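There are 2 protein chains.
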Amino acid sequence: RCFHFCKLPGRVMGIRLLRFTSVVIIVLLLVAGALTALLPTIKDDKLPNSRRESKTQSQSALDSFTLIMQTFNRTDLLLKLLNHYQAIPHLHKIIVVWNNIGEKTPEEMWNSLGPHPVPVVFKVQTVNRMRNRLQNFPDLETKAVLMMDDDTLVSAHDLAFAFSVWQQFPEHIVGFVPRKHISTPSGVYSYGSFELQNPGFGNGDQYSMVLIGAAFFHRGYLEDFQRQPEAVYAVIDETQNCDDIAMNFLVAKHTGKPSGVFVKPVDIRNLEKDTNSGYSGMWHRAEHLLQRSYCVNKLVNIYDGMPLKYSNIMISQFGFPNYANHKNKM
Amino acid sequence: RCFHFCKLPGRVMGIRLLRFTSVVIIVLLLVAGALTALLPTIKDDKLPNSRRESKTQSQSALDSFTLIMQTFNRTDLLLKLLNHYQAIPHLHKIIVVWNNIGEKTPEEMWNSLGPHPVPVVFKVQTVNRMRNRLQNFPDLETKAVLMMDDDTLVSAHDLAFAFSVWQQFPEHIVGFVPRKHISTPSGVYSYGSFELQNPGFGNGDQYSMVLIGAAFFHRGYLEDFQRQPEAVYAVIDETQNCDDIAMNFLVAKHTGKPSGVFVKPVDIRNLEKDTNSGYSGMWHRAEHLLQRSYCVNKLVNIYDGMPLKYSNIMISQFGFPNYANHKNKM
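In order, the protein sequences belong to chains A and B.
Under full-length UniProt numbering, think of the first position of the first sequence as 1, with each following residue one higher.
Under full-length UniProt numbering, think of the first position of the second sequence as 1, with each following residue one higher.
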């Protein structure tokens with residue numbers, strides 16, 4: 001028995017110990033409470049009913065692309081093409097740039113005919129401008145953009161192959177429609193296709209642009225386009241044309257190389273004859289090609305030089321569609 | 001008159017002036033003599049008669065290539081091909097790897113039929129080995145090597161285009177003959193061409209090698225080849241085959257990408273039927289293809305893995321030979 005020794009310190013220690021343990025317990029409870037408050041709430045993870053998240057949503061931003069399609073006065077073609085393009089492999093999302101000012105989008109119809117393989121976003125525009133499609137849309141989640149005109153149908157095979165080519169040349173415009181510019185002795189440039197005399201670099205022809213109306217390119221170029229001089233927008237708005245030529249100037253300047261890589265399409269179709277709208281596309285205007293030559297020269301002024309470079313590389317898919325398409329009679 | 005003043009300093013100055021000017025003159029003469037001794041002698045600039053330096057010698061090492069052609073028992077074909085290849089644009093020099101052991105080279109005849117557009121060097125070998133052509137020849141002055149079999153004729157147009165493609169893909173084997181390997185469920189690999197089932201990556205076919213018997217590649221790979229494990233040389237020497245498969249393994253391992261870029265030839269010909277020697281080339285041996293499958297598996301063991309990668313990129317020349325060969329029926 002340690003009456004004196006034990007009792008007095010014991011009592012003192014007892015009280016102190018009691019206080020100490022109480023404090024510890026209270027602190028632990030507060031900490032635990034704080035931790036539980038920080039846990040994520042489970043109800044936020046529930047999928048909303050209105051937009052079904054298909055497995056394409058989880059596709060890596062590197063392995064999929066976003067289709068951007070601007071449309072004016074050809075909704076029948078648009079809907080036909082949407083049914084085709086919605087099922088392309090590696091497609092992440094479709095952005096429709098709605099240039100039909102004041103007119104309702106077909107979103108209701110689209111939703112009523114769901115479900116769809118990928119989400120479609122209708123971006124209603126306030127002014128009917130050619131360069132509306134070159135905005136840096138916040139809806140873009142992928143690195144790659146596929147831009148298509150609203151009257152152009154390219155087969156899924158061609159698109160799958162061209163996307164794989166873009167992944168190997170991500171700083172280029174990889175597409176199906178090559179064009180070129182020609183220098184003349186006067187110093188004035190002209191714009192054209194293969195019927196225009198070749199630039200004179202050895203055998204064969206050359207191209208210096210790949211049109212963005214049927215092409216893959218990096219979304220970073222849309223960001224860059226927002227920083228172009230006002231004069232570039234003025235040229236595009238004045239002609240309602242040449243946004244694609246401007247993009248090729250931008251890319252060529254940025255890379256110091258030919259802006260585009262041409263992939264020869266197996267199956268590419270222009271559906272403009274199929275429209276009921278009677279509207280047949282800008283390139284039928286009498287002044288269309290002259291405008292494009294005009295744009296080339298204006299852009300050379302703005303850029304203080306000609307950044308476009310020539311290429312003669314034509315890419316096709318090995319062994320497709322003919323498994324022996326590379327055979328030679330050695 | 002300044003008789004006293006003038007005469008004394010004058011005389012002193014006169015003598016001093018005289019001495020001074022004499023010294024200056026002598027020094028100047030000595031300097032002049034030294035300078036003339038340093039002038040280059042004109043006679044060293046005279047072109048030697050025996051080897052006329054054509055303007056191709058001054059071609060930049062980046063803008064030209066060296067042809068390496070190994071030859072065995074087909075000197076008639078060799079000479080026919082030399083007449084063709086000596087005139088290819090951007091050719092810097094030809095190196096003939098002479099595998100006809102103990103036999104005189106045709107150097108005398110070559111010289112007697114000069115002048116020639118480029119120099120040819122005959123490298124006499126001591127042993128008839130397939131891998132003789134993969135030495136790091138000190139005669140090489142260009143970055144690019146064009147390696148051709150001694151029975152293969154490729155048109156100048158094809159070579160000029162493929163060289164320009166190599167300049168855009170300098171770390172790859174850029175050539176005209178694609179081949180592939182196939183994985184099988186047993187884990188054993190097989191070697192073949194397009195008649196072999198495709199590797200199963202979507203549409204069409206794939207290739208994983210470009211044969212070096214008709215291809216451009218960087219001379220650095222010859223340097224790298226000297227540092228291969230002995231086991232690699234053993235496989236090549238044992239089969240007298242597969243040096244090209246070994247090079248594809250080397251390049252694929254080095255780049256982590258497909259080793260080759262296939263350029264579809266317009267005009268490639270095998271001349272082996274044209275030889276008077278009766279010798280028809282290694283690939284006619286019964287065991288040739290089986291050997292190559294064997295080599296693939298041996299190399300996988302040596303490399304402890306399969307470094308070859310598949311590609312389905314097929315490159316053609318835009319607008320050549322048909323200026324509208326990229327036209328589509330849009």
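For every residue, glycine included, the Cβ atom is placed at its ideal position computed from N, Cα and C.
Values in this document were obtained by computation on a predicted structure and should not be read as measured data.
For residue i, decide whether its Cβ has a neighbour in chain B, counting only Cβ atoms nearer than 7 Å.
| i | result |
| --- | --- |
| A324 (chain A) | yes |
| T56 (chain A) | Residue placement at T56 (chain A) is poorly supported in this model, since its pLDDT is 45, which falls under 50; the coordinates still yield a value, given next. Chain B contact via Cβ: absent. |
| N49 (chain A) | Residue confidence for N49 (chain A) is low, a pLDDT of 40 falling below 50, so the modelled location carries little weight; the figure read from the coordinates is stated next. No - not a single Cβ of chain B is within 7 Å of the one on N49 (chain A). |
| N248 (chain A) | no |
| P265 (chain A) | yes |
| N312 (chain A) | yes |
| F194 (chain A) | yes |
| F65 (chain A) | no |
| I268 (chain A) | yes |
Out of curiosity, what's the CA-to-CA distance linking residue i and residue j?
| i | j | result |
| --- | --- | --- |
| I182 (chain B) | Y310 (chain B) | 10 Å |
| H218 (chain B) | L77 (chain A) | 50 Å |
| R269 (chain A) | D158 (chain A) | 12 Å |
| T126 (chain A) | P258 (chain A) | 35 Å |
| G256 (chain A) | G281 (chain A) | 33 Å |
| P199 (chain B) | K104 (chain B) | 47 Å |
| residue 359 (chain B) | K143 (chain B) | This structure cannot settle anything about residue 359 (chain B), because the visible part of chain B is limited to 1 through 330. |
| S22 (chain A) | L29 (chain A) | 11 Å |
| F152 (chain B) | Y191 (chain B) | Per the sequence shown, residue 152 (chain B) should be read as Thr rather than Phe. The straight-line gap from Cα to Cα measures roughly 22 Å. |
| F72 (chain B) | E272 (chain B) | 12 Å |
| D274 (chain A) | S155 (chain B) | 45 Å |
| P115 (chain B) | E107 (chain B) | 13 Å |
| residue 333 (chain A) | V232 (chain A) | What the structure shows of chain A is the stretch from 1 to 330, and residue 333 (chain A) is not part of that stretch, so it cannot be assessed. |
| L290 (chain A) | I88 (chain B) | 41 Å |
| A61 (chain A) | A234 (chain B) | 46 Å |
| L212 (chain B) | L211 (chain A) | The sequence given here places Ile at residue 212 (chain B); Leu does not occur at that position. If you take the alpha carbons of I212 (chain B) and L211 (chain A), they lie about 36 Å apart. |
Compare the C-alpha of residue i against each of the options and name the closest.
| i | options | result |
| --- | --- | --- |
| E141 (chain B) | B:N241, B:S259, B:L67 and B:T71 | B:L67 |
| A160 (chain A) | A:D274, A:A246, A:L146 and A:V177 | A:L146 |
| R133 (chain A) | A:M247, A:N328 and A:Q86 | A:M247 |
| N322 (chain A) | B:F320, B:G33 and B:M314 | B:M314 |
| D267 (chain B) | B:V177, B:Y279 and B:V300 | B:V177 |
| F163 (chain B) | B:L79, B:D63, B:D150 and B:L18 | B:D63 |
| F317 (chain A) | B:N203, B:V24 and B:P89 | The sequence as given places Gln at residue 317 (chain A); Phe does not occur at that position. Cα-wise, what sits closest to Q317 (chain A) is B:N203. |
| Y294 (chain A) | A:G278, A:I236 and A:L250 | A:I236 |
| Y85 (chain B) | B:N100, B:G102 and B:F65 | B:F65 |
| N111 (chain B) | B:N301, B:N328, B:L79 and B:Q168 | B:L79 |
| L196 (chain A) | A:R19, A:Y207 and A:V188 | A:Y207 |
| V261 (chain B) | B:E287, B:F216 and B:Y233 | B:F216 |
| N276 (chain B) | B:R74, B:A32, B:R179 and B:R16 | B:R74 |
| N100 (chain A) | A:L113, A:F122 and A:M109 | A:F122 |
| F320 (chain B) | A:V120, A:F20, A:R285 and A:D205 | A:D205 |
| R129 (chain A) | A:D243, A:G175 and A:V210 | A:D243 |
| N83 (chain B) | B:Q226, B:E230, B:G213 and B:P119 | B:P119 |
| F253 (chain A) | A:A214, A:L81 and A:M209 | Correcting the residue identity first, residue 253 (chain A) is Lys in this sequence and not Phe. Selected option, being the one with the closest Cα: A:M209. |
Which partner residues does residue i have in the DSSP bridge list?
| i | result |
| --- | --- |
| A252 (chain B) | Answer is none; A252 (chain B) lacks a bridge partner. |
| V27 (chain A) | Looking at the DSSP assignment, V27 (chain A) forms no beta bridge with any residue, so it has no partner. |
| T105 (chain A) | In the DSSP output, where bridge partners are listed per residue, T105 (chain A) has none listed. |
| K93 (chain A) | A:T66 |
| L153 (chain B) | B:R269 |
| A214 (chain A) | A:M148 |
| F122 (chain A) | A:V96 |
Does chain A have any CB closer than 7 Å to the CB of residue i?
| i | result |
| --- | --- |
| G204 (chain B) | yes |
| N317 (chain B) | Correcting the residue type first, residue 317 (chain B) is Gln in the shown sequence and not Asn. Taking Cβ atoms only, chain A reaches closer than 7 Å to Q317 (chain B), which makes this a yes. |
| F169 (chain B) | no |
| H288 (chain B) | no |
| I245 (chain B) | no |
| D44 (chain B) | Residue placement at D44 (chain B) is poorly supported in this model, since its pLDDT is 40, which falls under 50; the coordinates still yield a value, given next. It does not: the Cβ of D44 (chain B) has no partner Cβ on chain A nearer than 7 Å. |
| I302 (chain B) | no |
| F225 (chain B) | no |
Classify residue i as helix, strand or coil using the three-state DSSP reduction.
| i | result |
| --- | --- |
| T71 (chain A) | strand |
| R16 (chain A) | helix |
| H326 (chain A) | coil |
| residue 332 (chain B) | Lying before the first or after the last residue shown, residue 332 (chain B) is absent from chain B, which here runs from 1 to 330. |
| G319 (chain B) | coil |
| K80 (chain A) | helix |
| M314 (chain A) | strand |
| M148 (chain B) | strand |
| L289 (chain A) | helix |
| K180 (chain B) | strand |
| S259 (chain A) | coil |
Can you confirm whether residue i, when its beta carbon is compared against all beta carbons of chain D, has any partner nearer than 7 Å?
| i | result |
| --- | --- |
| H157 (chain A) | No chain D appears in this structure, whose protein chains are A and B. |
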